[in-house]
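Engineer:
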Amino acid sequence: MSRNIIVAMAVVVVAALGWIAIDRMGDAREEAARIEAETAAAAAAAEEEAARLAAEAEAEAARLAEEAEAAAAEEEAARLAAEAEAARLAEEAEAAAAAAEEEAARLATEAESAVDDAAETASEAVDGAATALTEGATAVGDAVEGAVESVVEGTADAVEGVTEEVATEAPAAEEGTAEVSVEGTEASLDTLLTPEGFDADALIAYVEQSDMNALAKTSLKASIEAAQNEPALVEGVIAQVKARMGAE
């Protein structure tokens with residue numbers, strides 16, 4: 001009897017252990033299912049997060065690529081604009097240089113033309129002045145010669161009728177006048193008052209040192225200068241100087 005009880009008790013124990021094991025196995029399956037579900041959910045979440053991150057990374061890469069492309073396009077546009085501006089400035093500089101060269105050529109031509117015109121005008125003026133001077137000198141010479149002849153002829157008779165006292169004093173005065181000398185001149189007045197020895201500068205120096213009044217000196221010097229430029233007047237001027245200075 002006790003053997004059967006022991007067996008029965010053993011069966012009960014085994015059954016209890018089996019039930020406990022089966023119950024625990026059920027709990028383990030539930031835990032495994034829960035863990036599996038959690039793992040699957042975590043995997044799905046991780047996959048979703050990875051997809052999101054990948055999408056964000058792709059979007060960022062696209063944005064950076066777009067920005068880089070825009071920057072490259074902007075840089076290219078700036079380069080092209082700089083080249084265009086440089087070309088424009090070079091063209092303007094070339095045009096300005098050409099215009100300056102053309103203006104310089106025009107001014108040079110105008111200056112050359114003005115110089116030619118001025119030279120021609122000056123030449124014509126000189127020719128006209130020379131002609132007028134020659135004609136004037138000739139006219140003055142004729143007038144002087146006529147005046148001298150008139151004075152000489154008019155005074156000849158008066159000189160002959162002068163009293164003996166005046167005649168005595170006149171030679172002394174004449175001698176003093178004829179012997180007027182000028183420092184720095186070598187020719188005598190008698191030599192200068194000949195057509196061969198005529199020297200306008202020396203005669204003018206004698207006139208300057210004479211005791212004639214200023215008006216007479218000016219008139220006589222003008223006649224001498226006219227004779228210097230017009231040889232035909234020399235004899236008439238010599239006669240005029242002789243009459244003025246009392247030389248023989």
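Position 54 of the sequence shown, counting from 1, maps to 54 under the UniProt record's numbering, and the rest follow consecutively.
The C-beta atom is built at its ideal place from N, Cα and C for all residues, glycine as well.
Just so you know, these numbers come straight off a predicted model, no measurement behind them.
(1) Quick one: Cα of Glu-85 to Cα of Ala-57, how far?
(2) Which value, in whole angstroms, describes the spacing of the CA atoms of Gln-209 and Lys-221?
(3) Buried or exposed: Ile-238, going by 16 or more other Cβ atoms within 10 Å of its Cβ?
(4) Is the beta carbon of Gln-228 less than 8 Å from the beta carbon of Ala-200?
(5) Residues in its own chain within less than 6 Å of Asp-211 by CB, not counting five upstream and five downstream?
(6) Any idea what DSSP makes of Ala-170, helix, strand or coil?
(7) In angstroms, rounded to a whole number, what distance separates the CA positions of Ile-204 and Asp-117?
(8) Could you check if Ala-15 is buried or exposed, using at least 16 other CB atoms within 10 Å of its CB as the buried criterion?
(9) Could you compute how far the alpha carbon of Leu-192 sits from the alpha carbon of Ala-105?
(10) Between Arg-29 and the rest of its own chain, which residues show a CB-CB distance below 6 Å, the 5 nearest in sequence each way excluded?
(11) Go ahead and label Ala-226 buried or exposed: buried means 16 or more other beta carbons lie within 10 angstroms of its beta carbon, across all protein chains shown.
(12) Quick check on the DSSP output: the alpha helix (DSSP H) that includes Asp-202 runs from which residue to which?
Structural biologist: On the basis of the coordinates in this document:
(1) Numbered from 1 along the sequence shown, position 85 holds the residue referred to as residue 85. Numbered from 1 along the sequence shown, position 57 holds the residue referred to as residue 57. Spanning the two alpha carbons is a distance of roughly 41 Å.
(2) Numbered from 1 along the sequence shown, position 209 holds the residue referred to as residue 209. Numbered from 1 along the sequence shown, position 221 holds the residue referred to as residue 221. Rounded to the nearest angstrom, the two C-alpha atoms are 12 Å apart.
(3) Along the sequence shown, one-based indexing puts residue 238 at 238. Ile-238 should be labelled buried.
(4) Translated into positions along the sequence shown, residue 228 becomes position 228. Translated into positions along the sequence shown, residue 200 becomes position 200. Contact: yes.
(5) Locating residue 211 in the sequence shown gives position 211, counting from the first residue. Nothing listed; no residue qualifies.
(6) As a working note, residue 170 is residue 170 in the sequence shown. At Ala-170 the pLDDT is 36, less than 50, meaning the model places this residue with poor confidence; the figure from the coordinates comes in the next sentence. Three-state result, Ala-170: helix.
(7) Position 204 of the sequence shown, counted from the start, is the residue given in the question as residue 204. Position 117 of the sequence shown, counted from the start, is the residue given in the question as residue 117. Going by the C-alpha atoms only, they are around 39 Å apart.
(8) As a first step, residue 15 must be located in the sequence shown, where it is residue number 15. Classification for Ala-15: exposed.
(9) Residue 192 sits at position 192 when you count from the first residue of the sequence shown. Residue 105 sits at position 105 when you count from the first residue of the sequence shown. When rounded, the distance between both Cα atoms is 59 Å.
(10) For this step, residue 29 is matched to residue 29 along the sequence shown. No residues qualify anywhere along the chain.
(11) Reading the sequence shown from its first residue, position 226 is the one you call residue 226. Result: buried.
(12) Sequence index remark: in the sequence shown, residue 202 carries index 202 (1-based). For clarity, residue 202 is Ala in the given sequence; the question names Asp instead. Where Ala-202 is concerned, the enclosing alpha helix (DSSP H) stretches over 200-209.
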